[in-house]
Amino acid sequence: AAKKIKLRTIQDHLETRVLVQGWIHRLRVQKGVAFITLRDGTGFIQAVLSGDLAKARQTQELTLESTVVIKGVISKLPEGKTAPGGVELKADYYEIVGLAPSGDDAFTNKVQENADPSLLLDQRHLALRGESLSAVMKVRAAFLGAVRRFFAEEGLLEVTPPCMVQTQVEGGSTLFKMDYYGEEAYLTQSSQLYLETCLPALGDVYCVQESFRAEKSHTRRHLSEYTHIESELAFIEFEDLLSHLERLITKTVQYVLEDPVTAALVKQLNPNFQPPKMPFLRMEYIQALDWLNEHGVLNEDGEKFKFGDDIAEAAERKMTDTINQPILLIRFPVEIKSFYMQKCKDDPRVTESVDVLIPNVGEITGGSMRTYDHDELLAGIKREGLDADAYYWFIDQRKYGTCPHGGYGLGTERILAWLCDRFTVRDCSLYPRFSGRCKP
Ligand code: 4AD
Ligand code: MG
Numbered sequence: 113a114a115k116k117i118k119l120r121t122i123q124d125h126l127e128t129r130v131l132v133q134g135w136i137h138r139l140r141v142q143k144g145v146a147f148i149t150l151r152d153g154t155g156f157i158q159a160v161l162s163g164d165l166a167k168a169r170q171t172q173e174l175t176l177e178s179t180v181v182i183k184g185v186i187s188k189l190p191e192g193k194t195a196p197g198g199v200e201l202k203a204d205y206y207e208i209v210g211l212a213p214s215g216d217d218a219f220t221n222k223v224q225e226n227a228d229p230s231l232l233l234d235q236r237h238l239a240l241r242g243e244s245l246s247a248v249m250k251v252r253a254a255f256l257g258a259v260r261r262f263f264a265e266e267g268l269l270e271v272t273p274p275c276m277v278q279t280q281v282e283g284g285s286t287l288f289k290m291d292y293y294g295e296e297a298y299l300t301q302s303s304q305l306y307l308e309t310c311l312p313a314l315g316d317v318y319c320v321q322e323s324f325r326a327e328k329s330h331t332r333r334h335l336s337e338y339t340h341i342e343s344e345l346a347f348i349e350f351e352d353l354l355s356h357l358e359r360l361i362t363k364t365v366q367y368v369l370e371d372p373v374t375a376a377l378v379k380q381l382n383p384n385f386q387p388p389k390m391p392f393l394r395m396e397y398i399q400a401l402d403w404l405n406e407h408g409v410l411n412e413d414g415e416k417f418k419f420g421d422d423i424a425e426a427a428e429r430k431m432t433d434t435i436n437q438p439i440l441l442i443r444f445p446v447e448i449k450s451f452y453m454q455k456c457k458d459d460p461r462v463t464e465s466v467d468v469l470i471p472n473v474g475e476i477t478g479g480s481m482r483t484y485d486h487d488e489l490l491a492g493i494k495r496e497g498l499d500a501d502a503y504y505w506f507i508d509q510r511k512y513g514t515c516p517h518g519g520y521g522l523g524t525e526r527i528l529a530w531l532c533d534r535f536t537v538r539d540c541s542l543y544p545r546f547s548g549r550c551k552p
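Numbering (full-length UniProt numbering), first residue to last: 113 to 552.
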């Protein structure tokens, strides 16, 4: 009898007769011998077919990405020979479950490494099988696991807010509108407001939820749908928020790298990755303007930066790439930040806000302390030109036992672009969505 196994466990089954099932990842068919590198999503193994098995007609006609079942004994390879895991499966039986096409429709014609990115995106369902993309997806899963472990350790409870909403959080220009049984509704931009309502009921909370932004321009770091990790913390001060963010980023990366299998994937994708160390460099918005002006970086009007200017993507990246370590950029002006942000006690022109900036990517999180005074929040909502009635439930938070609190949102694909050294966040999403792309 052969023991049915998954390929991640091959080291536990040396000198055992096993049954493995998967897809043909690589294939070399010679006269008296054929080598199949089999992939089952959990790992790889090299199977050797010899004698009649190698000569059989079906072996001669095998194609990449065909599914096969193979039985045989796993043994360690002798010195000098290499294969995944340093082992080999001597096949004594195999059968084809699904023969993949040959000729024009062959897998290698569908997914060519140097093909136009948009053609590759059309074939995303096949491209996912590639070694880099599948490695990123595995690191992504490990990262989300690490995030949940971190939040459990910090005592936060996971909640699942709605995706279909009737309030905006981050400005009207990126709202996706939808028809909701005849009423206007939106796809959520952020679950922040909902998380705030959970504090009195559940204590500190977090969510891992899709957010949606109708970003018309194509950049390396914007998607129309992304996985947003958000949390909200009650009775904290700004300083607590900053140290929480430092722990979040250093510890989740540490947890990802603790697992040797995931660490090997990160090494494969990003050989030079340097885990971040606490404390992070802190920089006030005003200091950032000085830095940019000293380094000859200009604002969006092609002039020197002045108070109130937005620090756009290019300028931000120039700064992160030069400084080359994580930065906590704090105290942004009221006018360039959202309506809900708490003003600084020592300077009401600026807010208790923070962006975490990372080399190669720029902003990966945005957060702040929240305005918790009822009238001040209402003034913020009006300043933004929003209809206060739609926010009654959010405003109620400031009526029925308000408290100082703060939180943030972390873009999953952005932190992964850093960890896995991907040029764009599109490579960190299973099926990326951006303007012009909603398939497959
Ligand atoms: O800075 P943002 O817009 O902040 C908020 O949404 C807050 N309401 C979050 C909160 O305090 N709960 O977005 C937070 C993060 C950004 O730092 C970025 O990492 C990511 O979400 N993000 C995007 N990622 C991919 N594509 C987009 N279009 C993104 N927009 C924001
Ligand atoms: Mg932001």
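In this text, a Cβ means the ideal position worked out from N, Cα and C, and glycines have one as well. Owing to the predicted nature of the structure, the values given are computational and were not obtained by experimental measurement.
By the beta-carbon neighbour count (other beta carbons within 10 angstroms, threshold 16), Cys-515 is exposed.
Under the three-state reduction of DSSP, Phe-324 is assigned to strand.
Contact between Phe-451 and Gly-492 holds, with the beta-carbon distance rounding to 4 Å and staying under 8 Å. As computed with DSSP, Ala-346 is found in a beta bridge with His-517.
Every residue whose Cβ sits closer than 7 Å to any heavy atom of ligand 2 is listed here in chain order: Asp-467, Glu-475, Gly-478. With fewer than three CB-CB distances shorter than 8 Å, the region 497 to 506 does not count as touching the region 471 to 482.
Per DSSP, reduced to three states, the secondary structure at His-237 is helical. Gln-304: member of the alpha helix (DSSP H) spanning 304 to 314, first to last residue. When the five nearest sequence neighbours on each side are left out, the beta carbons in the same chain lying within less than 8 Å of the beta carbon of Glu-412 are those of Asp-421, Asp-422, Ala-424, in order along the chain. Listed in chain order, the alpha helix (DSSP H) elements of length 4 or more contained wholly in the region 147 to 215 are 163 to 167, 169 to 172.
For Lys-188, the closest alpha carbon among the candidates Leu-126, Ala-247, Gln-170 is that of Leu-126. Under the three-state reduction of DSSP output, Gly-257 falls in the helix class. For the alpha helix (DSSP H) assignment, the uninterrupted runs of no fewer than 4 residues enclosed by the region 325 to 394 are, from N- to C-terminal side, 350 to 370, 372 to 381. If you look at Lys-430, you'll find it in the alpha helix (DSSP H) that goes 425 to 435.
In this structure, the CA atom of Ala-346 is about 19 Å from the CA atom of Asp-467.
Ligand 1 has no heavy atom closer than 7 Å to the beta-carbon of Ser-244.
Here Ser-480 is bridged, per DSSP, to Ser-465, Gly-519.
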